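Novice: Quick note on numbering: the sequence shown equals residues 97 to 223 in the numbering used here.
Glycine residues also receive a C-beta, built at the ideal position from the N, C-alpha and C atoms.
Quick caveat, the model's predicted, so the values are computed rather than measured.
The structure's right below; bear with me while I get my questions together.
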Amino acid sequence: MPLSFKERKKILKEANYLELTPYRVYKEEIDEKGMVTVLVPKFTNRLAVKFLMPRLKSTHFKIKLDEIGSETWKQIDGSKNVHQIAETLTEIFGEKIQPVYDRLTRFLTRMYMEGYISFNEIKKEGE
């Protein structure tokens with residue numbers, strides 16, 4: 097049975113954010129400039145998918161990320177923790193991304209709240 101919102105929130109609150117390991121929930125498109133567009137399905141309900149999706153022009157919402165967001169998304173692979181991602185981003189962007197930990201944790205928190213990513217630690221607790 098999936099964890100409730102309160103249970104997931106408790107796990108995240110007790111964990112050190114830098115030790116969490118994010119993974120992507122949705123697929124993405126990468127353009128020729130390396131910019132990422134996250135593809136979020138418009139419907140997840142089976143009936144809506146069956147009857148409404150064929151009539152739609154586009155079956156996904158397209159969430160376009162900026163340069164730093166795109167690079168962060170590419171680093172989210174389910175094996176690197178937040179600290180390792182921050183180190184990689186610092187190597188790539190240098191001073192442009194400072195303060196890296198604050199920016200990265202805010203970005204990942206927002207992505208988690210929107211449902212675009214989750215964390216391996218939550219998945220393990222729910223098993």
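(1) Find out if the Cβ-Cβ distance for the pair V134, I159 is shorter than 7 Å.
(2) DSSP on G165, reduced to helix/strand/coil?
(3) Determine whether the beta carbon atoms of S166 and M131 lie at a separation below 7 Å.
(4) So Y197 is in the alpha helix (DSSP H); what residue range does that whole segment cover?
(5) According to DSSP, is I213 part of a helix, a strand, or is it coil?
(6) Whole-angstrom Cβ separation of P137 and T155, contact assumed at under 8 Å?
(7) Please name the residue or residues paired with L135 in a DSSP beta bridge.
(8) Give me the Cα-Cα distance between R199 and G211, rounded to the nearest whole angstrom.
(9) Can you name, in chain order, every residue of its own chain whose Cβ lies under 7 Å from the Cβ of A111, other than the five neighbours on each side?
(10) What distance in whole Å lies between the Cβ atoms of I213 and R120, which are believed to be in contact at a cut-off of 8 Å?
(11) Given a cut-off of 7 Å, decide if L114 and V196 are closer than it, judged by their beta-carbon atoms.
Specialist: From the atom records:
(1) In contact: V134 and I159 (Cβ atoms closer than 7 Å).
(2) Secondary structure of G165 (DSSP, three-state): helix.
(3) M131 is positioned such that its CB atom lies closer than 7 Å to that of S166.
(4) Looking at the DSSP string, the run of the alpha helix (DSSP H) that includes Y197 is 196-210.
(5) I213 sits in a strand when the DSSP states are folded into three classes.
(6) About 7 Å separates the beta carbon of P137 from that of T155, a gap short enough to meet the 8 Å contact definition.
(7) Bridge partners of L135: K123, K158.
(8) R199 and G211 have their C-alpha atoms roughly 18 Å apart.
(9) E217, listed in sequence order.
(10) Contact holds; Cβ gap of about 6 Å.
(11) No, the pair does not count as a contact, with Cβ atoms beyond the cut-off.
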